[in-house]
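Here's the structure, in structure tokens; my notes come after.
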Amino acid sequence: MFDLENAVENLSQAIQFKTISYADYDRVDYKIYDEFLDFLKNSYPNVHRVCKLEMLNEYCPVYILESETKGKKPILLLGHYDVVPVGKTNEAHWEEEPFSGAVKDGFIWGRGTLDDKNQVIAVMEAIEHTISEDIKFDRDIYMVFGFDEEVGGKRGAEKAAEVFKERNIQFECVLDEGGAIITDMLEGLTAPLALVGTAEKGSNNIRITVKGKDGHSSMPPMNTAVGTLAKLITNVEKTPMPARLISPVKDMFQTMAPYVTGKSFILKNTERLFPFIQSTLAKDATTNSLIRTTIAFTMIEGSQAANVLPKTASAIANVRVLQGDSLESAIEHIRKVNPNIEFEVEKLLVEEPSEISNVDADSYKILTQTINKIYPEAVALPYLMVGGTDSRKYFHLCENIYRFSAVILSKTDFDTIHSNNEKISIQNFSNMIKFYIEFLSNYLSS
137 MFDLENAVEN LSQAIQFKTI SYADYDRVDY KIYDEFLDFL KNSYPNVHRV CKLEMLNEYC
197 PVYILESETK GKKPILLLGH YDVVPVGKTN EAHWEEEPFS GAVKDGFIWG RGTLDDKNQV
257 IAVMEAIEHT ISEDIKFDRD IYMVFGFDEE VGGKRGAEKA AEVFKERNIQ FECVLDEGGA
317 IITDMLEGLT APLALVGTAE KGSNNIRITV KGKDGHSSMP PMNTAVGTLA KLITNVEKTP
377 MPARLISPVK DMFQTMAPYV TGKSFILKNT ERLFPFIQST LAKDATTNSL IRTTIAFTMI
437 EGSQAANVLP KTASAIANVR VLQGDSLESA IEHIRKVNPN IEFEVEKLLV EEPSEISNVD
497 ADSYKILTQT INKIYPEAVA LPYLMVGGTD SRKYFHLCEN IYRFSAVILS KTDFDTIHSN
557 NEKISIQNFS NMIKFYIEFL SNYLSS
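According to the numbering used here, the sequence shown is numbered sequentially starting from 137.
What follows is the structure, given as structure tokens:
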């Protein structure tokens, strides 16, 4: 069995490295990244003795644990060690210092304990254990740890995927962070639900620009650029894209039906009742995001002075595309609901929706079998990821991509991710390591 006390110490130390990523790569403190990678090398001697290690773009480690026999496709375990910043105004709201890695009252505290250094360390602990126990296996195990997942993964996961494609490497299964085991996020829930992401919405950013007459604000025209932009945004928010029920969401509702008091009939018959219940689903931000492409305006720019009318006004929208739609269809929708407004569109980030992984595949069965072993009280079910993960870079390399974080999260826990007081219980972290050990054991014996 692995050494839990040592594993806790390793995660605690990992948190203390401020491996913060920024969209502007020049802002990154790569010296700390180097120190973190040295920490991995010193903390996991077996991994670094046995595994092949290749560094991509200097900071994306690719570990390969080679099998003694060949013929089967390898599996790929993903994680990322970059974290989001902690704003100075938010530090005062932390009960423990955000990069302290404090171990207190049964928890490990700090940025990255839930997203996603916990996964990196859990995988490393599992591989270190596998090697130390001299466990035999019949396929290669790849591990890739991104260093820029929080800002799009362009230099980490995307580079790794390019290299694998050049080498004609196809994977049997890819496992990344994703859905967790939820306990209290649904009213009437009678059993924990293990949400396994079988698909991921596309994540896109566009800039919309409208033109107007510039000049002094003391003599404004009837229609200003800012006013026109406001009308455009209002029209989009008043008229969302059409709702649809795709297979991961339908399967999720049907699987959870027996475990939600008072809603079992509706959930079991969601497909048949969808025309009647979609308006209710749309009223909740979470369920609304599961049934349609969403367009959220997040940034607006106009004049640089309070008394100057801008010649142009622009807004950035984050477009999360549902399977069956595309970024182009979302842009066309914006045009359709604004027939009398002329505007220009600039595509800043294009990430179309993923394929939907098969829940009948052996890989999915092995994954759910592992979940049931470590969390026997949990019900595993497919889930649509509305957020982005590094796994989206590997769609062309694997048909069986799953997104699952083997932790139990309450609503309170979930709200700490990218926020204040992020922490993981030692029990949760222990179960994560057990999960990966069991997953590898199940896979390597399949």
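Glycine included, each C-beta is placed from N, C-alpha and C at the ideal position.
Bridge partners of N340 according to DSSP: V455. Counting along the chain, the unbroken beta strand (DSSP E) around Y199 starts and ends at C196 to L201.
Under DSSP, S450 forms a beta bridge with T345 and E437. In the DSSP annotation of this structure, the continuous segment of the beta strand (DSSP E) that includes H216 starts and ends at I211 to H216.
Taking every protein chain shown into account, the CB of F243 has 16 or more other CB atoms within 10 angstroms, so this residue is buried.
Within the stretch 153–180, the complete alpha helix (DSSP H) segments at least 4 residues long are 166–179, listed from N- to C-terminus.
For V186, the secondary structure class from DSSP, reduced to helix, strand or coil, is helix. DSSP places I317 in the uninterrupted beta strand (DSSP E) bounded by C309 to I318. Taken in chain order, the unbroken stretches of beta strand (DSSP E) that lie wholly in the stretch 213–266 and span 3 residues or more are 243–245. V332 carries a strand assignment under DSSP once its states are collapsed to helix, strand and coil. Check the Cα spacing between E145 and each of S203, E261, G523 and L403: the tightest is with E261. Per the Cβ contact rule, the stretch 139–154 is in contact with the stretch 253–272 (3 or more Cβ pairs under 8 Å).
By the Cβ criterion, the stretch 389–396 is in contact with the stretch 314–327, since at least three pairs of Cβ atoms, one from each stretch, lie closer than 8 Å. For A296, the enclosing alpha helix (DSSP H) covers residues A293 to E302. Across the set F235, G282, F153 and D165, the C-alpha of G282 shows the shortest separation from the C-alpha of C196.
Secondary structure note for V362: its alpha helix (DSSP H) is the uninterrupted segment A361 to K374. Looking only at P384, K177 and A421, the smallest Cα-Cα distance to E407 is reached by P384. Boundaries of the beta strand (DSSP E) around P518: V515 to M521. Nearest neighbour of V310 by Cα position, chosen from I317, T326 and A293, turns out to be A293. According to the DSSP secondary-structure assignment, H352 is paired through a beta bridge with V444. At least 8 Å separates the beta-carbon of L517 from that of A297. Cβ-Cβ separation between T345 and E480: approximately 5 Å, consistent with a contact (criterion under 8 Å). Cβ contact annotation for M377 (same chain, cutoff 6 Å, sequence separation greater than five): R428, T429 and H469, in chain order. Counting of Cβ neighbours within 10 angstroms places H352 among the exposed residues, the total staying below 16. Rounded to whole angstroms, N371 and F401 show a C-alpha spacing of 35 Å. As a beta-bridge residue in DSSP terms, K483 pairs with I342. If you look at F540, you'll find it in the beta strand (DSSP E) that goes I537 to L545. Around the C-beta of H265, 16 or more other C-beta atoms lie within 10 Å, and the residue is accordingly described as buried. The C-alpha of D461 is placed about 11 Å away from the C-alpha of A379.
Taking C-beta atoms as the reference points, K337 and P489 count as a pair closer than 8 Å. Collapsing the DSSP output to three states places L322 in coil.
Between E373 and R539, the CB-CB gap reaches or exceeds 8 Å. Using a Cβ distance threshold of 8 Å, L503 and V222 do not count as a contacting pair.
Assignment of M279 by DSSP, reduced to helix, strand and coil, places it in the strand class. Counting only the Cα atoms, F153 lies some 15 Å from K559. Residue V280 holds the alpha-carbon nearest to the alpha-carbon of L189 among N474, V280, R291 and D284.
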